[in-house]
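Going by my numbering, the letters in the sequence shown line up with residues -7 to 87, in that order. No residue lacks a Cβ here, since even glycine has one placed at the ideal position from N, Cα and C. Scroll down for the structure; my scribbles are underneath it.
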Amino acid sequence: MAEVASLIKIISKDFDIAENLNEEQLYHILVNSFDYLVENDFSKLLQILYRADVDQYKLKELLESSGNQNSAEVIAKAYIERQKAKIETWKKYSS
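Structure follows, in structure tokens:
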């Protein structure tokens, strides 16, 4: 649960989200948020992904190979994975 709390803390810098979510709820909120951004505010989407340091080439590859999967779902997964990687790096070097 501590990992989800850390994840929410990082993600709340980009999104207004509740603190008491589980990872699945967080994922669904992000899918809805990214779906909105894809349709209505693409420049903000790019800013968020840039700040989160989501690899644009990896994301492009994921989107191209996603088949029928919603692009917002692919983006949310990549975003969460990147944030988790940051948490792991911080843990590794803070010890």
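Helix, strand or coil at residue i according to DSSP, with G and I counted as helix
i	result
Val23	helix
Leu13	coil
Ser97	Outside the shown range of the chain (-7 to 87) lies residue 97, about which nothing can therefore be said.
Ser99	Any property of residue 99 remains undetermined from this structure, which presents the chain solely from -7 to 87.
Gln61	coil
Val66	helix
Top-ranked residue by Cα proximity to residue i, from the options
i	options	result
Tyr19	Lys69, Tyr28, Ser86 and Ser35	Lys69
Ser63	Phe26, Lys1 and Ala(-3)	Phe26
Glu15	Ala(-3), Asn24, Tyr28 and Gln39	Ala(-3)
Lys78	Gln17, Asp33, Asp45 and Phe34	Asp45
Glu(-5)	Ser86, Lys84, Tyr85 and Glu80	Glu80
Expected contact under 8 Å - CB spacing of residue i and residue j to nearest Å
i	j	result
Arg43	Asp6	7 Å
Leu51	Ile40	Actually they are not in contact, since the Cβ atoms of Leu51 and Ile40 sit about 12 Å apart, beyond 8 Å.
Ile0	Leu13	6 Å
Ile72	Leu22	7 Å
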